[in-house]
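Numbering (the working numbering), first residue to last: 65 to 353.
We treat Cβ as the ideally placed atom computed from N, Cα and C, and that holds for glycine.
Source: prediction; values computed, not measured.
In what follows, a single structure is set out as structure tokens and then discussed.
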């Protein structure tokens, strides 16, 4: 190794936690590793050895890669095409600008305007949720695989995350315990203020368990119990996604329909007409006196 910590493009003699900025055969001074490393360059984790596309080393191994690459066995491998952030070659967290993650094909596809009337129209083609004001599909937020709105996630991408009843991604619990719910990775006694379903011996959509904790006593909001004491019927305004019932933000239950608006307008016109007619009668009668 050169004692002056220099290098050429073909020969790396940099000290650890440095990278070689040289592009030709001339020697250049090695520099400390940086976060915005150029593609093709890399940090020296072991003296004399470059880990291409690595931006940070620790204890002789790469721990951080450039955007668009993921870490595997201390090496930086590229994400799938058009993906800017991933944890594996087939697991994209965020696509490049102008692209969206298609949950059906599991790839980043060019963003196009997809018309829709319900969330299901978008979910069928894997393009997020239906914007009720514009009637076009909009991509889910980063880290969300399936969503009902820009802020409500139905299914998180990361395997060690779970979705709360409020549509947030939080830490998943390692095990399930009857009579408890998972509160951001911690088992908590079922009570008011649940953030996820109460676990009752494998039954789904429970808000509370029976005294022996073998079945549901009550169901989560938007879920109706059937005759077999199972919480598996979605109430009006809710859609079934997997085994869960989620609020449908496109549903007529959650917005004023055209008929209702028309009724309101007619009612207002009737009131105006009555008031106007009464005033006219009053002034005519007064004028005759």
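CB of residue i within 7 Å of CB of residue j, strictly
i, j, result
"residue 76", "residue 124", "no"
"residue 245", "residue 258", "yes"
"residue 58", "residue 236", "Nothing can be reported for residue 58, as the shown portion of the chain is limited to 65 through 353."
"residue 260", "residue 228", "yes"
"residue 207", "residue 219", "no"
"residue 118", "residue 140", "yes"
"residue 177", "residue 200", "yes"
"residue 277", "residue 243", "yes"
"residue 144", "residue 129", "no"
"residue 190", "residue 204", "no"
"residue 287", "residue 309", "yes"
"residue 172", "residue 154", "no"
Own chain, CB closer than 6 Å to residue i, minus 5 neighbours either side, in chain order
i, result
"residue 81", "97, 121"
"residue 388", "Nothing in the structure corresponds to residue 388, since the chain is present only between 65 and 353."
"residue 282", "271, 272"
"residue 332", "With a pLDDT of 32 at residue 332, under the threshold of 50, the modelled position of that residue is not reliable, and no figure is offered here."
"residue 135", "129"
"residue 127", "120"
"residue 209", "167, 219, 221"
DSSP-derived helix/strand/coil call for residue i
i, result
"residue 251", "strand"
"residue 129", "strand"
"residue 72", "coil"
"residue 183", "helix"
"residue 277", "coil"
"residue 260", "coil"
"residue 83", "strand"
"residue 141", "strand"
"residue 269", "strand"
Cut-off 7 Å between Cβ atoms - residues of its own chain near residue i, not counting five sequence neighbours on either side
i, result
"residue 389", "Lying before the first or after the last residue shown, residue 389 is absent from the chain, which here runs from 65 to 353."
"residue 251", "237, 241, 244"
Contact set for residue i: own chain, Cβ-Cβ below 8 Å, skip 5 residues either direction
i, result
"residue 79", "65, 69, 94, 108, 111"
"residue 89", "72, 73, 74"
"residue 230", "216, 259"
- Query: Do the stretch 165–176 and the stretch 285–295 touch if we need at least three Cβ pairs shorter than 8 Å?
  - Reply: These segments do not touch.
- Message: Extract the residue ranges of the beta strand (DSSP E) inside the stretch 202–242, only unbroken runs of 3 or more that lie entirely within it.
- Response: With a minimum length of 3 residues, the continuous beta strand (DSSP E) runs that stay inside the stretch 202–242 are 208–211, 217–220, 225–227, 233–235.
- Message: Could you tell me which whole beta strand (DSSP E) segments of length 3 or greater appear in the stretch 146–201?
- Response: The stretch 146–201 is shown to contain whole beta strand (DSSP E) runs of 3 or more residues at 147–152, 155–159, 163–166, 171–174, 193–195, in chain order.
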